[in-house]
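The structure appears right after this line, and notes come after that.
In my numbering, the protein residues as written are 879 to 1261.
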């Protein structure tokens, strides 16, 4: 078993970030009880940034210009269920799935070239408890849904060519530890599923079969408050944000799915990290710090090691809690999305990525999404 030591500090400041989300989930669990995608399509002419609201029952859609400028899409935000903690974009770049914990549901939507979201027939389903995360296989043919509980479990669905969701019939698998707010990701190879438990400080690992069957490979101990597992572009490395550790853990993924810490892991982020993204050329990694009001930037080395970029961490706007980052495909623009803000609704802030990887505010005004409390991996940008 690979094991990482627990952090020595978990003071009150590191607990503030998720207190609202945890209270929200606890309320849901008290009230309701415990418990593949369309193929690649022809390139569309429009690009969009989507941001879901955990507390506002909506998905905001912003049009992304070639120069990175954001503009509102008419009628956005679009309604969805209550309690969205995850948003996943299919490989076609136009189909999106969101689990909503408030009614035990998962919904699918199709994005048209105007940025309007339309419900996908057959993609509005019910699962066996409050879903806290969803993730697709790389080919988009399987959707895995994490259901919160003590313990929680994972359910699998086949995604039809139309985008509809059909149960695979494979047995559900338990999630190790207390998984009230589990988050998940499938390795880029499509062979393994990872689920981190925010309160259980574990990561459960599963082998995935073509029919959606999940075989538990055991759990490893990670640092307290793990969230939003993410991968390097080549699929060799896994990075987990440790909110109570103020750092990022890196792992080398073995051919058998086993995980080995990368050299120097964990890596300090100078705040409460909240989910990392890697650039298209696989050379840099960025992670927002909710407590610390900043974005940490790293060089990603061939052995998976991370070293800080010049000037990192980079300041975020005042009176915000940075929650997620998204990268424009041109590699020159980074978007910072709030978890919470003094202005109530989530804002998107734009940064320029310099040649050395450092970040600078773009000078463009922040854009209001119209949704409230964007907590978890609830952001996606179309190709």
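The C-beta atom is built at its ideal place from N, Cα and C for all residues, glycine as well.
Would you list the residues sitting across from residue 1092 in a DSSP beta bridge? To locate residue 1092, count along the chain shown from 1; it is residue 214. Listed as beta-bridge partners of residue 1092 by DSSP are 1086.
Measure the beta-carbon distance from residue 1194 to residue 1173 and round it to whole angstroms, keeping in mind my assumption that it falls under 8 angstroms. Counting from 1 along the chain shown, the entry for residue 1194 is found at position 316. Counting from 1 along the chain shown, the entry for residue 1173 is found at position 295. Right, the Cβ-Cβ distance comes to about 6 angstroms (below 8 angstroms), so this counts as a contact.
Unbroken beta strand (DSSP E) run spanning residue 1002, endpoints: For the purposes of this step, residue 1002 is identified with residue 124 of the chain shown, where counting begins at 1. In the DSSP assignment, residue 1002 falls within the beta strand (DSSP E) that extends over 995 to 1004.
Does the distance from the C-beta atom of residue 1037 to that of residue 1258 stay below 9 angstroms? Reading the chain shown from its first residue, position 159 is the one you call residue 1037. Reading the chain shown from its first residue, position 380 is the one you call residue 1258. Their beta carbons are not under 9 angstroms apart, which means residue 1037 does not touch residue 1258 by this criterion.
So what's residue 1189 in DSSP terms, helix, strand or just coil? Start at 1 with the first residue of the chain shown, and residue 1189 comes out as number 311. The DSSP-derived three-state label of residue 1189 is coil.
Output needed for residue 1239: all residues of its chain with C-beta closer than 7 angstroms, excluding positions within five of it in sequence on either side, in chain order. By 1-based counting over the chain shown, the position of residue 1239 is 361. Counting only Cβ-Cβ distances below 7 angstroms, and skipping sequence neighbours, we find 1229.
Just list the residues that DSSP pairs residue 987 with in beta bridges. Position 109 of the chain shown, counted from the first residue, corresponds to residue 987. For residue 987, which the question treats as bridged, DSSP gives the partners 974, 997.
Using beta-carbon positions only, say whether residue 1075 and residue 1059 come within less than 9 angstroms of one another. Here residue 1075 refers to the residue found at position 197 when the chain shown is read from its first residue. Here residue 1059 refers to the residue found at position 181 when the chain shown is read from its first residue. Residue 1059 sits close to residue 1075, with the two beta carbons spaced by under 9 angstroms.
Can you tell me which of the three DSSP states residue 1036 falls into? Translated into the one-based positions of the chain shown, residue 1036 becomes position 158. Three-state DSSP puts residue 1036 in a strand.
So what's residue 910 in DSSP terms, helix, strand or just coil? The residue you call residue 910 lines up with position 32 of the chain shown. Because residue 910 carries a pLDDT of 38, less than 50, the predicted location of this residue cannot be relied on, and the following value inherits that uncertainty. Helix.
Grab me the residues of residue 1211's own chain with a C-beta within less than 6 angstroms of its C-beta, minus the 5 sequence neighbours each way, in chain order. Position 333 of the chain shown, counted from the first residue, corresponds to residue 1211. The beta carbon of residue 1211 lies closer than 6 angstroms to those of 946 in the same chain, with the five residues before and after it left out.
Verify the CB distance criterion: does residue 1161 have a CB-CB separation below 9 angstroms to chain D? Among the chains of the structure shown, chain D does not appear; only one protein chain is present.
Going by the DSSP bridge assignment, what does residue 1174 pair with across the sheet? The residue given as residue 1174 occupies position 296 in the chain shown. Partner(s): 1165.
Residue 1187 versus residue 1233 - alpha carbon distance: Counting from one through the chain shown, the residue named residue 1187 turns up at place 309. Counting from one through the chain shown, the residue named residue 1233 turns up at place 355. Their Cα atoms are separated by approximately 11 angstroms.
Residue 1067 and residue 1003 closer than 9 angstroms at C-beta: For the purposes of this step, residue 1067 is taken as the residue at position 189 of the chain shown. For the purposes of this step, residue 1003 is taken as the residue at position 125 of the chain shown. Contact: no.
Is the separation between the beta-carbon of residue 996 and that of residue 985 shorter than 9 angstroms? In the chain shown, counting from the first residue as 1, residue 996 sits at position 118. In the chain shown, counting from the first residue as 1, residue 985 sits at position 107. Their beta carbons are not under 9 angstroms apart, which means residue 996 does not touch residue 985 by this criterion.
Just how far apart, CA to CA, sit residue 1243 and residue 1227? Residue mapping note: residue 1243 aligns to position 365 of the chain shown, counting from 1. Residue mapping note: residue 1227 aligns to position 349 of the chain shown, counting from 1. Rounded to the nearest whole angstrom, the C-alpha separation of residue 1243 and residue 1227 is 7 angstroms.
What does DSSP give as the partner residues of residue 926 in its beta bridges? Along the chain shown, read from residue 1 onward, the residue named residue 926 stands at position 48. In the DSSP output, where bridge partners are listed per residue, residue 926 has 941.
Assigned exposure category for residue 1245 - 16 Cβ within 10 Å defines buried: Counting from one through the chain shown, the residue named residue 1245 turns up at place 367. Under this definition residue 1245 is a buried residue.
Quick one: residues in its chain with C-beta nearer than 7 angstroms to the C-beta of residue 1129, no 5 flanking neighbours on either side, listed in chain order? Within the chain shown, the letter at position 251 stands for residue 1129. Within the same chain, residue 1129 has close Cβ partners 1115, 1116, 1137, 1138, 1139, 1140.
Residues bridged to residue 1264 (per DSSP): Residue 1264 is absent from the model: the chain starts at 879 and stops at 1261.
Whole-Å CB distance - residue 1205 paired with residue 1157, under 8 angstroms assumed: Here residue 1205 refers to the residue found at position 327 of the chain shown. Here residue 1157 refers to the residue found at position 279 of the chain shown. At roughly 6 angstroms, the Cβ-Cβ gap stays under 8 angstroms, so residue 1205 and residue 1157 are in contact.
Does residue 1125 come out as helix, strand or coil in the three-state DSSP assignment? Numbered from 1 along the chain shown, position 247 holds the residue referred to as residue 1125. Three-state result, residue 1125: strand.
Residue 902 - DSSP class collapsed to helix/strand/coil: Counting from 1 along the chain shown, the entry for residue 902 is found at position 24. With a pLDDT of 49 at residue 902, under the threshold of 50, the modelled position of this residue cannot be trusted; read the value that follows with caution. Reduced to three states, the DSSP call for residue 902 is helix.
Can the beta-carbon of residue 1033 be found less than 9 angstroms from the beta-carbon of residue 1006? Along the chain shown, read from residue 1 onward, the residue named residue 1033 stands at position 155. Along the chain shown, read from residue 1 onward, the residue named residue 1006 stands at position 128. It is a contact, given that the beta carbons lie within the stated cut-off.
Please name the residue, chosen from 936, 934, 1018, 1180, that lies closest to residue 1090 on a Cα-to-Cα basis. Translated into positions along the chain shown, residue 1090 becomes position 212. Measuring C-alpha to C-alpha distances from residue 1090 to each of 936, 934, 1018, 1180 identifies 1018 as the nearest.
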